[in-house]
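The structure appears below as structure tokens.
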Amino acid sequence: MPRSFVSFTDLTKEEVLQIIEYGKKLKKDKFLDQSLKGKSIGLIFMKQSTRTRLSFEVGVYQMGGQPIYISASSTQISRGEDIKDTARVMGRYLDGIVIRTFSHKEVEDLANYSGIPVINALTDYQHPCQVLADLMTITEVFGTLENKKIAYVGDGNNMANTLLLAAALMGMDISVATPPNYEPNGKAVLQAVEIAKQTGSKIEITNDPKKAVLEADVLYTDVWVSMGQEGDKDKKKLFEGFTINKDLVLLAKPEAVVMHCLPAHKGEEISEDVFEQYSDVIFNQAENRLHVQKALMSFLFKNQ
1 MPRSFVSFTD LTKEEVLQII EYGKKLKKDK FLDQSLKGKS IGLIFMKQST RTRLSFEVGV
61 YQMGGQPIYI SASSTQISRG EDIKDTARVM GRYLDGIVIR TFSHKEVEDL ANYSGIPVIN
121 ALTDYQHPCQ VLADLMTITE VFGTLENKKI AYVGDGNNMA NTLLLAAALM GMDISVATPP
181 NYEPNGKAVL QAVEIAKQTG SKIEITNDPK KAVLEADVLY TDVWVSMGQE GDKDKKKLFE
241 GFTINKDLVL LAKPEAVVMH CLPAHKGEEI SEDVFEQYSD VIFNQAENRL HVQKALMSFL
301 FKNQ
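Under this note's numbering, read the sequence shown as residues 1 to 304, first letter to last.
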């Protein structure tokens, strides 16, 4: 079965570093890799997207391939067709699939039944492509991932889950601070802890953001209310004190940077002044989605 990128841990530490370094080469020469020439890549988007759709669509074009955008309303999945059946048909038409959806199991089924490589472009459980770009950005800022600590402050959502797994895999330290009852997924925490036993990573889950950011090299946050949860207005009250502002930044290392996967709700998870202070890093993160995803597609799709 071809390799897919469904969970961040589908790659080894060495492969992650290899993809990041190749992403840096592609950043300097956007047409360097033409390994998708003559290939058709399906982009299945069951969730709305700005950066993810653009970065994958542009990336496939730059690599010589043909991106085929498939929205939720344009598939039989929206009418109840079994994802396993859809997968077995798509596998006969396409050379690779990129999917952004709600259910993580749908992506697993697509990978298991399509017979072609599948890339997880976001589920409610993980957002691994974003974290590849985040790690690339961290290496650009600090030159290395070694001996670095990430402090994630906010909702224990798919970003928190993926950062936990990535930090553990790469041997980085991570502290995740959320309000009570908004901690990361228990399965992700347990898996990260097990991986950390082998890599030496230190994992901390806390309800105290001030504790989390101590000695941090990277402060990271995401929206408090994720897509599909917009009706949860009361949630914002519970997150008071979890805004990354100047006071919180001062508790981290002097050379620390702030990262955000966007879109940002300024005044909620991040203050406007902090966002603008670190906007170069934040928008570099967004740009790096394009480059590192191209490196990932080359890694997975080129031999199809």
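Every residue gets a Cβ at the ideal spot worked out from N, C-alpha and C, and that includes glycine. In this text, all values refer to a predicted model and were calculated from it rather than measured experimentally.
Check: Reference T199, options V141, L122, T12 and P2, closest by Cα; Outcome: T12
Check: Straight-line Cα distance separating Y93 from I317; Outcome: As shown, the chain starts at 1 and ends at 304. That puts residue 317 outside it, with no answer to give.
Check: Coil, strand or helix - G186 by DSSP; Outcome: helix
Check: N112: first and last residue of the uninterrupted alpha helix (DSSP H) it sits in; Outcome: H104 to S114
Check: Residue burial classification, T243 (beta-carbon count within 10 angstroms, cutoff 16); Outcome: buried
Check: Endpoints, the alpha helix (DSSP H) within which E272 is located; Outcome: E272 to Q277
Check: Residue burial classification, L36 (beta-carbon count within 10 angstroms, cutoff 16); Outcome: buried
Check: Helix, strand or coil at L251 according to DSSP, with G and I counted as helix; Outcome: coil
Check: Same chain only: Cβ atoms within 6 Å of V141, ignoring 5 sequence neighbours per side; Outcome: V257
Check: Closest residue to P128 among V6, E269, I70 and H291 (Cα-Cα distance); Outcome: V6
Check: Residues of its chain near E57, where Cβ-Cβ distance is below 8 Å and the 5 sequence neighbours each way are ignored; Outcome: L43, P67 and Y69
Check: Own chain partners of G171 with C-beta closer than 8 Å, once the 5 adjacent residues on each side are dropped; Outcome: K13, L145, E146, T199, G200 and S201
Check: Residues near R289 in its chain [Cβ-Cβ closer than 8 Å; skip 5 each side]; Outcome: R51, T52, S55, C129, Q130 and A133
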